[in-house]
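**Student:** Dropping the structure in here first, questions after.
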Amino acid sequence: MKKLWVTWMVLLCINDYAIDSKMIQMQGLQHFKSNQIEDALGVKMPSALAFWKDKTPKLSVDLIPAIPETLKAFFDLEGFYDASYTIKESNTTVSIQIKENKPVRVNNINISSDFDINSLVTFHKGEIFNASKFIDIKK
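Residue numbering for the sequence shown follows my numbering, beginning at 6 and increasing consecutively.
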């Protein structure tokens, strides 16, 4: 049992070094929290059990080329179709400067149905359009 514990601790300690990764920094977020973008990008955080480790978010270098497409998909899904971003990469860090711009808002809601489906429509006039919410309504 002691051998298993020691093995587990060693693996926990070297986990950050086994995967080539870079720190990630984001600036310019207004409507979103950085952890929402980090989740979309696949950023890894050290395990809560590894309390001695640096808690800086890190992104695998294999995922760096996909950042532009991932950010576009994320912002489009959330209704920020005009969002723009600049990505700069150094030896240790990926910096993303984000400009969300204005979101697309629900301007009008027209329901035409033989059935009462008003309770199924969860959008409200003036709220930010969310593509996944729209897809859920159609199900």
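All residues carry an ideal CB built from backbone N, CA and C; glycine is no exception.
1. Can you tell me which of the three DSSP states Gln35 falls into?
2. If contacts are defined as beta-carbon pairs under 8 angstroms, then Gly84 and Leu68 qualify, I think. What distance do you get, rounded to the angstrom?
3. Name the one or two DSSP bridge partners that Ile133 has.
4. Should Ala71 go down as buried or exposed, given a rule of 16 or more other Cβ atoms within 10 Å for buried?
5. Excluding sequence positions up to five away, which residues of its chain have a Cβ less than 6 angstroms from the Cβ of Phe79?
6. Can you name the start and end residues of the alpha helix (DSSP H) that Glu74 belongs to?
7. Below 6 angstroms CB to CB, which residues in the same chain sit around Ile101 once its five sequence neighbours on both sides are set aside?
8. Could you give the distance in angstroms between the alpha-carbon of Asp87 and the alpha-carbon of Asn113?
9. For Ser95, which option in Leu76, Leu82, Val66 and Ser117 has the closest C-alpha, if you only look at C-alpha atoms?
10. What residue from Ser26, Lys63 and Asp25 has the CA that sits closest to Ser39's CA?
11. Taking a contact to mean a Cβ-Cβ separation below 8 angstroms, would you say Val111 touches Lys138 in this structure?
12. According to DSSP, is Asn20 helix, strand or coil?
13. Note down the Cα distance separating Pro108 from Leu82, rounded to an integer number of angstroms.
14. Cβ of Ile29 within 8 angstroms of Cβ of Val126?
**Tutor:** This is what the structure holds:
1. coil
2. Actually they are not in contact, since the Cβ atoms of Gly84 and Leu68 sit about 24 angstroms apart, beyond 8 angstroms.
3. Arg110
4. Answer is exposed; the Cβ neighbour count stays below 16.
5. Ala45
6. Where Glu74 is concerned, the enclosing alpha helix (DSSP H) stretches over Ile72 to Leu82.
7. Met31, Tyr90 and Ile92
8. 20 angstroms
9. Val66
10. It is Lys63 whose Cα lies nearest to the Cα of Ser39.
11. Against a cut-off of 8 angstroms, the Cβ pair of Lys138 and Val111 comes out as no contact.
12. Reliability fails at Asn20, whose pLDDT of 49 lies under 50, so the model's placement of it is uncertain and no value is given.
13. 11 angstroms
14. Their beta carbons are not under 8 angstroms apart, which means Ile29 does not touch Val126 by this criterion.
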